[in-house]
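Novice: Quick note, the sequences are listed as chains A and B, same order.
The opening position of the first sequence corresponds to residue 1 in this note's numbering, with each subsequent residue numbered one higher.
The opening position of the second sequence corresponds to residue 1001 in this note's numbering, with each subsequent residue numbered one higher.
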Amino acid sequence: MSETMSEIHDPDAPQSTSDMAMTGRMDVSAVLEGAEIPEVVSNIVFDLANVRVFYGDFEAVRDVTMQIGRNEITAFIGPSGCGKSTLLRSFNRMNDLIPGARVEGLLAYHGFNIYAPDVDPIEVRRRIGMVFQKPNVFPKSIYENVAYGPKVNGMKVNMDDLVEECLTRAALWDEVKDDLKKSAYALSGGQQQRLVIARCIAVKPEVILMDEPCASLDPIATAKIEDLMKELAKDYTIVIVTHNMQQAARVSERTAFFTADVDAQGVRHGRLVEYGPTRRIFTAPHDPRTEDYISGRFG
Amino acid sequence: MTATLDIAPDSAPVDLQGRGQPLVDKTFRWILFLCLAVGIVFLAVLLAYVTIKGWPRLTPTLWENMPSLRRPEQAGAQSAITGTLWVIAFTALFALPIGFLGAVYMEEYANPTSRFTRFVEINIQNLAAVPSIVYGILGLAIFARALALGQTVITAGLTLALLVLPVIIVSTREALRAVPQNIRHGSLALGATLWQTTWRQTMPAAVPGMATGTILALSRAIGEAAPLLLLGAVTFISFNPTGPFSAYTTLPIQIFNWTKESREEFQILASATIVLLLVILLAMNAVAILIRNRTQKRW
Chain A
1 MSETMSEIHD
11 PDAPQSTSDM
21 AMTGRMDVSA
31 VLEGAEIPEV
41 VSNIVFDLAN
51 VRVFYGDFEA
61 VRDVTMQIGR
71 NEITAFIGPS
81 GCGKSTLLRS
91 FNRMNDLIPG
101 ARVEGLLAYH
111 GFNIYAPDVD
121 PIEVRRRIGM
131 VFQKPNVFPK
141 SIYENVAYGP
151 KVNGMKVNMD
161 DLVEECLTRA
171 ALWDEVKDDL
181 KKSAYALSGG
191 QQQRLVIARC
201 IAVKPEVILM
211 DEPCASLDPI
221 ATAKIEDLMK
231 ELAKDYTIVI
241 VTHNMQQAAR
251 VSERTAFFTA
261 DVDAQGVRHG
271 RLVEYGPTRR
281 IFTAPHDPRT
291 EDYISGRFG
Chain B
1001 MTATLDIAPD
1011 SAPVDLQGRG
1021 QPLVDKTFRW
1031 ILFLCLAVGI
1041 VFLAVLLAYV
1051 TIKGWPRLTP
1061 TLWENMPSLR
1071 RPEQAGAQSA
1081 ITGTLWVIAF
1091 TALFALPIGF
1101 LGAVYMEEYA
1111 NPTSRFTRFV
1121 EINIQNLAAV
1131 PSIVYGILGL
1141 AIFARALALG
1151 QTVITAGLTL
1161 ALLVLPVIIV
1171 STREALRAVP
1181 QNIRHGSLAL
1191 GATLWQTTWR
1201 QTMPAAVPGM
1211 ATGTILALSR
1221 AIGEAAPLLL
1231 LGAVTFISFN
1241 PTGPFSAYTT
1251 LPIQIFNWTK
1261 ESREEFQILA
1271 SATIVLLLVI
1281 LLAMNAVAIL
1291 IRNRTQKRW
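1) Are the C-beta of Pro-1112 (chain B) and some C-beta of chain A separated by less than 8 Å?
2) Let me check one thing: in DSSP terms, what residues is Asp-211 (chain A) bridge-paired to?
3) For Met-229 (chain A), go through chain D and note every residue whose CB falls closer than 8 Å to its CB, in chain order.
4) Mind listing which residues of the region 141-164 of chain A have their C-beta closer than 7 Å to chain B's C-betas, in chain order?
5) For Leu-187 (chain A), which three-state DSSP category applies?
6) Using DSSP with H/G/I as helix, E/B as strand and the rest coil, what is Met-155 (chain A)?
7) Can you pull out the residues from the region 81-107 of chain A whose beta carbon lies closer than 8 Å to at least one beta carbon of chain B?
8) Could you compute how far the alpha carbon of Asn-1293 (chain B) sits from the alpha carbon of Ala-1205 (chain B)?
9) Are the beta-carbon atoms of Pro-1252 (chain B) and Glu-1224 (chain B) separated by less than 8 Å?
10) Assuming Gln-307 (chain A) is part of the beta strand (DSSP E), what are its boundary residues?
11) Of all Cβ atoms in chain B, is any one closer than 8 Å to the Cβ of Phe-138 (chain A)?
12) Just verifying my parser: in three-state terms, what is the DSSP assignment at Gly-296 (chain A)?
13) If we ignore side chains and look at the alpha-carbon of each, how far apart do Thr-74 (chain A) and Arg-279 (chain A) end up?
14) Would you call the CB atoms of Thr-1250 (chain B) and Ala-1233 (chain B) closer than 8 Å?
15) Look at the Cβ atom of Val-146 (chain A), then the Cβ atom of Ala-202 (chain A), and state whether they are nearer than 8 Å.
16) Strictly below 7 Å CB to CB, what residues from chain B border Met-130 (chain A)?
17) Could you check whether the Cβ of Pro-1208 (chain B) sits closer than 8 Å to any Cβ belonging to chain A?
18) Between which two residues does the alpha helix (DSSP H) holding Ala-1272 (chain B) run?
19) Between Glu-1121 (chain B) and His-1185 (chain B), what straight-line distance do the alpha-carbon atoms span, to the nearest angstrom?
20) Quick check: is the beta carbon of Asn-1293 (chain B) nearer than 8 Å to any beta carbon in chain A?
21) Using the C-alpha atoms, what's the distance from Ala-256 (chain A) back to Gly-24 (chain A)?
22) If Met-1066 (chain B) and Arg-1173 (chain B) are in contact, beta carbons under 8 Å, what's the gap, nearest whole angstrom?
23) Could you list which residues in chain B have their beta carbon closer than 7 Å to that of Lys-134 (chain A), in chain order?
24) Output, in chain order, the set of chain B residues within a Cβ distance shorter than 8 Å of Arg-125 (chain A).
25) Alpha helix (DSSP H) containing Pro-1180 (chain B): first to last residue?
26) Please classify Thr-1059 (chain B) as buried or exposed, where buried requires at least 16 neighbouring CB atoms within 10 angstroms.
27) How would you label Cys-1035 (chain B), buried or exposed, when you count the other beta carbons within 10 angstroms and need 16 or more for buried?
28) Short check: CB of Met-363 (chain A) to CB of Val-176 (chain A), under 8 Å?
29) Should Tyr-55 (chain A) and Ile-114 (chain A) be called a contact, given that it needs their Cβ atoms to be closer than 8 Å?
30) Along the region 187-207 of chain A, where does the CB come closer than 9 Å to a CB of chain B? Name the residues.
31) Determine, using beta carbons only, whether Ile-240 (chain A) comes closer than 8 Å to chain B.
32) Pull up the CB-CB distance for Val-1153 (chain B) and Trp-1086 (chain B), whole angstroms please, since I reckon it's below 8 Å.
33) Give the secondary structure of Val-1130 (chain B) by DSSP, where H, G and I count as helix, E and B as strand, and everything else as coil.
34) Taking 7 Å as the limit between beta carbons, can you name the residues of its chain near Ile-281 (chain A), skipping five residues before and five after?
35) Check the Cβ-Cβ distances between Ala-1205 (chain B) and every residue of chain A, and say whether any is below 8 Å.
36) Under 8 Å by Cβ, that's how I've got Ile-208 (chain A) and Gly-129 (chain A) pegged, so tell me the actual separation to the nearest angstrom.
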């Protein structure tokens, strides 16, 4: 959480090296394959209307209106401090954990405002899972990592079967099936991140939010996670925040480009610039700021 | 090799003779070492002195026999050893659950920005600095007199529990704070409640730190004499405590009583008992260090 905070408060924060590397000439061939996706989202899971996220008096995200479609992968891209992670964390009320954070506007999940006073954030988070930037496996065995979510949610299932199913879906089963009792810390970073994904799908969520899931992984582990995302998108709705534009182009159906406005006091406020089918965003962006960013002329 | 030399033929000759201040540096190093040595040497002298002086009485009679005023050459400290065990058991019984749960409240539940939390926080730090004799007076007034528990094991246990409570709270909070935030977030993001997260993730991960702090706090309580001087431990006791409402004495008090006696045999006995007390304390600290080393940070 504190990372997100400092990222937003620091106007001079340099963009990460990967950010820089990816802002070179953009290879858009990845987006040119596959079926055409319509501009309008048809099967809406999240409906955002004028959503603003505040930390105390500081408005971190300004006025976002967008819809997120079912079984689609939606990518949030943009420079550091543009509020994309902050917005993502408001989708499952993880921002509640920061004292002083609040959301204004309407953030509806299947038509229900998830910030309505009678909504239990625990229930929201069970349906809307999250994968973090650093693989945050629990200091327990591989088996217990997967079984934890179902246990705390009181799910009555055959745990052995569920663990196998989830690890298989996360493309990890073959690598760990003989080591289920071993500590999850013995796994590599890429394996840990797939374990976190297995742990997330064990509670049978509908949505998986991914906050820069590959930021700490090497290209091979990243490729595995990306393949996994495409596979999971058949059953889950995925929203991913990424600094890597190639990744957004490779995996997502829709892309939202965020940037930061600097106000008179020099404070940065994140805002949504453009949102649409990934192919259209990367090949024919409407907004010049989007074009500057994806072609590497940003800032 | 020659190629590199050819490139810079005109450069000044390389001077690798440092311009440091070897004398100042060496002197300072010796001063630092001497400061450390003063402490260590005094401790060593003290240990050697009591060990040599108490050596004739470092026999099983020391823990097998009861204190005696008439036959010091036969007297032992058994009632003080069992008394110490009884008192410390009650201290742990009262101080640990309250200390752990209080720390969990402060660290996991309380709003860190609220004024009340900060007020409590400052006062816990202050309580840790209150002289132990003050706790003795408090114990005498409240537990012994107002609650009519008398000068018994339970009064001593309650008083010492109050004495070490701030230390336990502070060390437990530090142990909890050392657990990475992303483990809590990982658990909460799966739909676990705050209590489930605390009980199943945060506290188990903090156990090594909590154990270390607890042992150090209890070893402080074992060595305490001042508050117990007011709470009845001074009386001559030549029987083992029979229960929480029994009269008692403890090792530091027994040592205090014997050093008051003029006969040389009692001085030797006191030295032997000091060695015994030190061995117990060093053993407890060794266990704390062992726990700390066994459970190196896994994140």
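For each residue, glycine too, the CB sits at the ideal point set by N, CA and C.
Specialist: This is what the structure gives:
1) yes
2) A:Val-241
3) Reference to chain D is not applicable here, since the protein chains of this structure are A and B.
4) Tyr-148, Gly-149, Val-152, Asn-153
5) coil
6) coil
7) Asn-92, Met-94, Leu-97, Pro-99, Gly-100
8) 15 Å
9) yes
10) Because residue 307 (chain A) is not part of the residues shown, which for chain A are 1 to 299, the question remains open.
11) yes
12) coil
13) 12 Å
14) yes
15) yes
16) Ala-1189
17) no
18) 1264-1294
19) 24 Å
20) no
21) Residue confidence is low: Gly-24 (chain A) scores 45 on pLDDT, short of 50, so the model does not pin down where it sits. No coordinate-derived value is stated.
22) Contact flag wrong, Cβ pair sits at about 42 Å.
23) Asn-1182
24) Leu-1188, Ala-1189, Leu-1190, Gly-1191
25) Looking at the DSSP string, Pro-1180 (chain B) is not in any alpha helix (DSSP H), and its letter there is neither H nor E.
26) exposed
27) exposed
28) There is simply no residue 363 (chain A) to check, as chain A begins at 1 and stops at 299 in what is shown.
29) no
30) Val-196, Arg-199, Cys-200, Ala-202, Val-203, Pro-205
31) no
32) 5 Å
33) coil
34) Thr-255, Phe-257, Glu-274, Thr-290
35) yes
36) 5 Å
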